[in-house]
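J.: Handing you this structure, nothing more for now.
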Amino acid sequence: MLLQETGKTLRLAWPIILGQLSQIALGVIDSIMVGPLGAANLAAVSVCISVFSIPLVFGLGISFAISPITAIAKGAHDGTQLGDVLRSGFWTLLAIGTVLLVIMIFASEGLHLLKQDPEVTALAIPYLRILGYSMLPILVYQHFKQFSEGLEIMWPPLLIGLLMIPLNTFGNWLLIYGNWGFPAMGLEGAGWATTLSRVFAALAMMGFIFFNRRFAIYEPFKMSWRRVKKATVLRILKLGIPGGFQYIFETSAFAISAILIGWLGAKELAAHQIAINLASISFMVAIGLSSASAIRIGHASGKRDYQLAQRIGKSSILLSAAFMAVCGVVFILGRYALPALYIADTEVIEITSKLLIIAAIFQVADGIQAVGVGICRGLEDVKKPTLFVLIAYWVIALPMGSFFAFVLDWGVYGLWSALAAGLFVSALLLTYRFFKQTGRYIAAQKMR
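Under our numbering, the residues of the sequence shown are numbered 2 to 449, in order.
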């Protein structure tokens with residue numbers, strides 16, 4: 002039974018996984034193509050991504066509420082609710098994206114408060130401002146992507162996401178190095194290339210929803226804000242805001258760690274950026290499994306089949322753990338070769354190689370906690386999981402990391418070791434919560 006559910010989840014998950022990898026590929030491409038400019042530029046990317054990722058994941062967390070709500074409505078055969086989700090979700094994420102864009106513009110002007118290397122800060126300020134402009138198109142793209150995936154229509158979001166990779170790469174080639182007569186903009190060029198590729202994705206995904214006959218029943222052309230349903234907006238926010246905070250607590254822990262690492266030196270920060278970039282690749286696979294699991298559990302929940310939901314959750318946890326274990330082995334075996342793809346600095350490569358060993362140790366826990374968030378979200382259970390994530394990262398990981406790094410003088414390795422501990426705690430608590438909730442629902446059905 003578990004093997005059968007694993008196969009179903011994997012068939013749904015792999016287009017999502019490729020789509021998620023296409024998103025993380027933009028950051029990987031930027032890091033690799035900026036690497037030849039030197040450690041200071043790579044460190045600037047690390048600072049900017051750390052700051053940018055905090056509001057971004059909050060917005061993404063809210064967008065992730067769209068797919069399980071869509072899936073639940075699909076499972077209940079409620080076409081009216083699906084139309085409401087399409088319209089209300091669009092305006093909700095448009096408003097949130099606008100607010101986050103303004104926040105990013107102000108944040109870029111305050112980077113000097115982080116007390117990073119002056120050269121790194123000077124490079125980071127304009128890059129972060131440019132990335133901020135991409136916030137709105139990201140969330141517009143995410144809304145239509147999540148709606149489509151909630152209906153199990155996977156290919157168009159995947160193809161659009163994959164098209165962003167060559168667009169971003171070509172844009173980097175033109176704008177970072179000044180090819181074909183374009184100005185050599187360096188790091189700022191990487192920012193503009195990423196932003197323009199995200200604008201393309203938003204417009205392409207919107208066009209697909211608007212002009213594909215499968216969506217005509219949901220009246221996509223009637224997107225007036227006057228048709229927005231307050232109850233649907235509140236449902237999206239009720240599920241999405243705690244989900245956004247879950248991602249904020251985790252991402253901000255890594256972001257603050259990056260800032261703390263910046264106090265140790267530009268080379269340590271460059272090494273952190275490379276290692277976290279590589280770890281993010283495997284994490285995106287786990288996020289894809291998490292999203293697919295949330296959709297399938299949403300369908301099961303819409304049908305009130307909680308035994309199926311429990312089997313889906315169990316199989317997804319095992320699948321994610323197995324994949325991440327393989328990634329851990331790859332990180333250990335490639336701990337010198339992988340960072341050499343980013344930079345030629347031997348000192349940065351040596352530091353990164355040790356961080357990748359720590360990353361290998363926490364891979365399984367990272368995969369389980371990523372799926373744990375999704376399977377709980379599929380049950381529309383977000384309040385307790387949000388508390389668990391807060392405890393794991395802000396009560397355990399960050400204080401412990403600061404102690405290890407600056408009191409015991411373990412430096413960057415101390416911070417990463419503490420983050421690993423936070424991931425293990427998060428994995429245990431989220432897994433416990435999912436099985437407790439599904440067990441409660443199953444027991445309640447048996448008593449009727």
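Beta carbons: idealized from backbone N, C-alpha and C, even for Gly.
(1) For Met186, which three-state DSSP category applies?
(2) Do you know whose CA, among Gln247, Pro157, Gln311, lies nearest Ser54's CA?
(3) Pick from Pro138, Phe59, Gly162: whose alpha carbon is nearest that of Phe250?
(4) With 16 other CB atoms within 10 Å as the buried threshold, where does Thr99 fall?
(5) Rounded to the nearest angstrom, what separates His300 and Ser291 at their Cα positions?
(6) Can the beta-carbon of Thr195 be found closer than 8 Å to that of Ser135?
(7) Short of 6 Å in beta carbon distance, which residues of its chain neighbour Ala202, apart from the five on each side in sequence? Order them along the chain.
(8) Ile177 by DSSP, collapsed to three states: which one?
(9) For Pro158, count neighbouring Cβ atoms within 10 angstroms of its own Cβ and tell me buried if that reaches 16, exposed if not.
(10) Taking contact to mean 3 or more Cβ pairs, one atom from each stretch, closer than 8 Å, check whether the region 437 to 449 and the region 395 to 415 are in contact.
(11) Mapping the DSSP letters down to three states, classify Leu279 as helix, strand or coil.
(12) Is Tyr337 helix, strand or coil when you go by DSSP?
(13) Suppose contacts are defined by Cβ-Cβ distances below 8 Å. Is Gly329 in contact with Ala361 by that definition?
(14) Got a sec, what are the start and stop residues for the alpha helix (DSSP H) Pro37 sits in?
(15) Please go through the same chain and pick out, in chain order, the residues whose beta-carbon is closer than 7 Å to the beta-carbon of Phe91, but skip the five residues on each side of it.
(16) Any idea if Tyr433 is buried or exposed, counting beta-carbon neighbours within 10 angstroms, 16 or more meaning buried?
(17) Residues in the same chain with beta-carbon distance under 7 Å from Gly84, minus the five sequence neighbours each way, listed in chain order, please.
(18) Quick check on His273: buried or exposed, where buried means 16 or more other Cβ atoms within 10 Å of its Cβ?
(19) Rounding to the nearest angstrom, what Cα-Cα distance links Phe435 and Val372 in this structure?
(20) In the structure shown, what three-state DSSP assignment does Trp411 receive?
(21) Can you grab the Cα-Cα spacing for the pair Arg236 / Leu342, in whole Å?
(22) Would you be able to state if there are at least three C-beta pairs under 8 Å between the region 22 to 39 and the region 271 to 289?
(23) Hey, quick one: how far does the alpha helix (DSSP H) through Leu391 stretch, first residue to last?
(24) Short of 8 Å in beta carbon distance, which residues of its chain neighbour Met186, apart from the five on each side in sequence? Order them along the chain.
(25) Inspect the CB distances between the region 44 to 54 and the region 305 to 323 and report whether three or more fall short of 8 Å.
(26) Between the Cα of Ile1 and the Cα atoms of Val331, Cys377, Val35, which residue gives the shortest distance?
(27) From the DSSP output, in three-state form, read off Phe222 for me.
(28) Taking 7 Å as the cut-off, is the C-beta of Gln147 nearer than that to any heavy atom in the ligand HEM?
(29) Rounded to whole angstroms, what is the Cα-Cα separation between Ile262 and Lys268?
T.: In short, the structure shows the following:
(1) In the sequence shown, the residue the question calls residue 186 occupies position 185. Here Met186 sits in coil by DSSP.
(2) If you number the sequence shown from 1, residue 54 lands on position 53. The shortest C-alpha separation from Ser54 is found at Gln247.
(3) Position 249 of the sequence shown, counted from the start, is the residue given in the question as residue 250. Among Pro138, Phe59, Gly162, the Cα nearest to that of Phe250 belongs to Phe59.
(4) Position 98 of the sequence shown, counting from 1, holds the residue named residue 99. Burial call: exposed.
(5) Taking the first residue of the sequence shown as position 1, residue 300 is located at position 299. Taking the first residue of the sequence shown as position 1, residue 291 is located at position 290. The straight-line gap from Cα to Cα measures roughly 14 Å.
(6) On the sequence shown, position 194 is the one that residue 195 refers to. On the sequence shown, position 134 is the one that residue 135 refers to. The answer is yes: Cβ separation under 8 Å.
(7) Here residue 202 is taken as the residue at index 201 of the sequence shown, counted from 1. Closer than 6 Å at the Cβ level, and outside the excluded window around Ala202, lie Tyr142, Ile161, Met165.
(8) Stepping through the sequence shown from its first residue, residue 177 is reached at position 176. In the structure shown, Ile177 sits in coil (DSSP, three-state: anything other than H, G, I, E or B).
(9) Start at 1 with the first residue of the sequence shown, and residue 158 comes out as number 157. Buried, by the Cβ-count rule.
(10) no
(11) Within the sequence shown, the letter at position 278 stands for residue 279. Secondary structure of Leu279 (DSSP, three-state): helix.
(12) As a working note, residue 337 is residue 336 in the sequence shown. Looking at Tyr337 - three-state DSSP - the assignment turns out to be coil, as it is neither helix nor strand.
(13) On the sequence shown, residue 329 is found 328 positions in, with the first residue counted as 1. On the sequence shown, residue 361 is found 360 positions in, with the first residue counted as 1. For Gly329 and Ala361, yes; Cβs fall inside 8 Å.
(14) If you number the sequence shown from 1, residue 37 lands on position 36. Here Pro37 belongs to no alpha helix (DSSP H), and DSSP marks it neither H nor E.
(15) As a first step, residue 91 is located in the sequence shown; it is residue number 90 there, counting from the start. If we look at Phe91 and ignore the five residues flanking it on each side, its Cβ neighbours are His144, Met224.
(16) Sequence index remark: in the sequence shown, residue 433 carries index 432 (1-based). Answer is exposed; the Cβ neighbour count stays below 16.
(17) What you label residue 84 is simply residue 83 of the sequence shown in a count that begins at 1. Tyr219, Glu220, listed in sequence order.
(18) Against the sequence shown, residue 273 aligns to sequence position 272. By the 10 Å Cβ count, His273 comes out buried.
(19) Your numbering for residue 435 matches position 434 in the sequence shown. Your numbering for residue 372 matches position 371 in the sequence shown. Rounded to the nearest angstrom, the two C-alpha atoms are 10 Å apart.
(20) Position 410 of the sequence shown, counted from the first residue, corresponds to residue 411. Coil at Trp411, not helix or strand.
(21) On the sequence shown, residue 236 is found 235 positions in, with the first residue counted as 1. On the sequence shown, residue 342 is found 341 positions in, with the first residue counted as 1. So the two alpha carbons sit approximately 44 Å from each other.
(22) Because the criterion of three Cβ pairs below 8 Å is met, the region 271 to 289 and the region 22 to 39 touch.
(23) On the sequence shown, position 390 is the one that residue 391 refers to. Leu391 -> alpha helix (DSSP H) spans 384 to 391.
(24) Position 185 of the sequence shown holds residue 186. So the qualifying residues of the chain are Leu176, Ile177, Gly179, Trp193.
(25) no
(26) The structure shown does not extend to residue 1, since the chain is modelled only from 2 to 449, so the question has no answer here.
(27) Within the sequence shown, numbered from 1, the residue matching residue 222 stands at position 221. Three-state result, Phe222: coil.
(28) The ligand content of the structure shown is nil, which means the ligand HEM is not present either.
(29) For this step, residue 262 is matched to residue 261 along the sequence shown. For this step, residue 268 is matched to residue 267 along the sequence shown. Whole-angstrom Cα-Cα distance: 9 Å.
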